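Trainee: Okay, handing you the structure first.
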Amino acid sequence: MAGTERVSVPELPEVETIVRELRPHLVGRRIRSAQVLRPTVCTFSADQLRGAVVRRIERRGKYILVHLDRRGTTPVLAFHLGMTGQLLRASPDLPPDKHTHIVLRLSGLADELRFRDVRRFGEACLYRSPPDLHRALLDRLGPEAHTVTSTQLARAAWTSSRPIKPLLMDQEKVAGLGNIYTDESLWQARLHPLRPSDSLSADELGELAFCTRAVLREAVGDRGSSVDDYLTPDGSAGRYQQRHAVYGRPGEPCPRCSAAIERIRLQGRGTHFCPKCQSAPGHGDDRED
DNA sequence: CCGACGTCCTGCTAGC
DNA sequence: TGCTAGCAGGACGTCG
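FYI, the numbering for the first sequence is 28 to 316, going by this note's numbering.
Written out as structure tokens, the structure is:
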């Protein structure tokens, strides 16, 4: 793959794709055995999982939540994939590599489930109960990005003067967006990533909410973006990267106006936008329609 | 309260 | 050719 972007960071569409793929394989099965190959990436020991039955699996923000049933308790296993995390089904005949940190074997499932993470920004946490999970994790997350409304966006945006891009990536404000889909949503909404959040009009925030939902819906339909090594648990790749308008395309023509896509650094993140049709802050907001 | 910045980690690549 | 420095970034801790 050409370009300077080599890493595919799992965001809402990738995590949703993983959850959908795993669900029919995991739900109802019992964890026969668990191996923790690298204890630093998780908060539990292998024997805390043994014998647990998977009741359901869901996504919240970028978290994968595996609800368990074990000896009358209902613990929840939560995965965050960080930048390079993967949940893969793999044959036990293939020895796990050095980046495989957790291995689960389930009753009635030939493949084992592996948590693999090259850069180890991801982690797996075990919570004692759903209320514990909410207190420690879920209550801190903002509304889901794929259903976010203009009202919800306005509530977050109008109380902050920080640029709109880092606000969208703040999981306490909106849950599920990362670098790729934030850049794509802002391009779709014709908003410059540096625009102060509290400078956005109700109309602009309405458009941003609409575009964010649309981008995520299409990306989920394409089973996410595969930029380099992101794969779904069955080993297949997503294809939304073919539709990226700006992300990973510095210097290429904007699909809307043909101006060259720019790339800047914003709070340490590579940020891609069209300098022509995403009007710069302080240069007026007149847009053609 | 808010935001900027350093930290974690590995693999790839530009440059000497 | 082989080395190293730099870069990529999600979330969190620290500092101003």
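Even for Gly, the Cβ is constructed at its ideal location relative to N, Cα and C. As the structure is a prediction and not an experimental result, all values here were calculated from the model.
1. Using only CA atoms, which one of V130, L114, L293, Q113 lies nearest to D120?
2. Helix or strand or just coil, what does DSSP make of E345?
3. Do A236 and S177 count as a contact pair if the criterion is CB distance below 8 angstroms?
4. Determine which residues share a DSSP beta bridge with F7 and list them.
5. Using three-state DSSP, classify E234 as helix, strand or coil.
6. Just to confirm before moving on: does the CB-CB distance between K192 and L168 stay below 8 angstroms?
7. F300 bridges to which residues according to DSSP?
8. By the 10 Å Cβ neighbour count, where 16 or more other Cβ atoms means buried, how is R222 classified, buried or exposed?
9. Taking S177 as part of the alpha helix (DSSP H), name the residues at either end of that continuous run.
10. Following the continuous beta strand (DSSP E) through L165, name the residue where it begins and the one where it ends.
11. Output the boundary residues of the beta strand (DSSP E) element that contains Q113.
12. By a C-beta neighbour count over all protein chains shown, 10 Å radius and 16 as the cutoff for buried, is G112 buried or exposed?
13. Nearest-angstrom Cα distance between T127 and L108?
14. Measuring only from the beta carbon, is A117 closer than 7 angstroms to any heavy atom that is part of the ligand HEM?
15. Can you tell me the Cβ-Cβ gap for Q305 and L243, rounded? I've got them flagged as a contact below 8 angstroms.
16. Going by the beta-carbon positions, is the gap between S134 and R56 smaller than 8 angstroms?
17. Let me know if I91 comes out buried or exposed under the rule of 16 or more other beta-carbons within 10 Å of its beta-carbon.
18. How long is the line joining the alpha carbons of A216 and E231, rounded to whole angstroms?
19. Can you tell me which residues form a DSSP beta bridge with V201?
20. Could you pull out every residue in the same chain whose Cβ sits closer than 7 angstroms to the Cβ of E211, ignoring the five residues on either side in sequence?
21. Compute the Euclidean distance between the alpha carbons of L153 and I291, then round it to the nearest angstrom.
22. According to DSSP, is R56 helix, strand or coil?
23. What do you reckon, are the CB atoms on N206 and G297 nearer than 8 angstroms?
24. G99: buried (16+ other C-beta within 10 angstroms of its C-beta) or exposed?
25. Sort out for me which residues DSSP pairs L131 with in a bridge.
26. Answer with buried or exposed for Q269, where buried requires no fewer than 16 other C-beta atoms within 10 angstroms of its C-beta.
27. Closer than 8 angstroms by C-beta to D138: which residues in its own chain qualify, once you throw out the five before and the five after it? Chain order, please.
28. Suppose you measure from the CA of E171 to the CA of R240; what does that come to, to the nearest Å?
29. Mapping the DSSP letters down to three states, classify Y154 as helix, strand or coil.
30. What does D96 pair with, by DSSP beta-bridge criteria?
31. Pull the bridge partners of Y90 from the DSSP assignment, please.
Mentor: In this structure, then:
1. V130
2. Nothing about residue 345 can be read from this structure; the chain reaches only from 28 to 316.
3. Between S177 and A236, the CB-CB gap stays under 8 angstroms.
4. Residue 7 lies beyond the range of the chain shown here (28 to 316); nothing can be said about it.
5. helix
6. K192 is not a Cβ neighbour of L168, given a cutoff of 8 angstroms.
7. According to DSSP, F300 bridges with E289.
8. Classification for R222: buried.
9. 177-184
10. Taken as a continuous stretch (DSSP letters only), L165 belongs to no beta strand (DSSP E), as it is neither H nor E.
11. Per DSSP, the continuous beta strand (DSSP E) segment holding Q113 begins and ends at 112-117.
12. buried
13. 13 angstroms
14. For the structure depicted, the ligand HEM is absent and the ligand set is empty, with no information on it obtainable.
15. Not a contact, Cβ separation roughly 19 angstroms.
16. yes
17. With 16 or more neighbouring CB atoms inside 10 Å of its own CB, I91 falls in the buried class.
18. 8 angstroms
19. None, per the DSSP bridge assignment.
20. Sequence-distant partners of E211 (beyond 5 residues in either direction) whose C-beta falls short of 7 angstroms from its own C-beta, in its chain, are V242, H271, A272, V273, Y274.
21. 38 angstroms
22. coil
23. yes
24. exposed
25. A61, L140
26. Classification for Q269: exposed.
27. Around D138: H52, R116, A117, S118, P119.
28. 10 angstroms
29. Residue state, collapsed to three classes: strand.
30. V80
31. R87, H107
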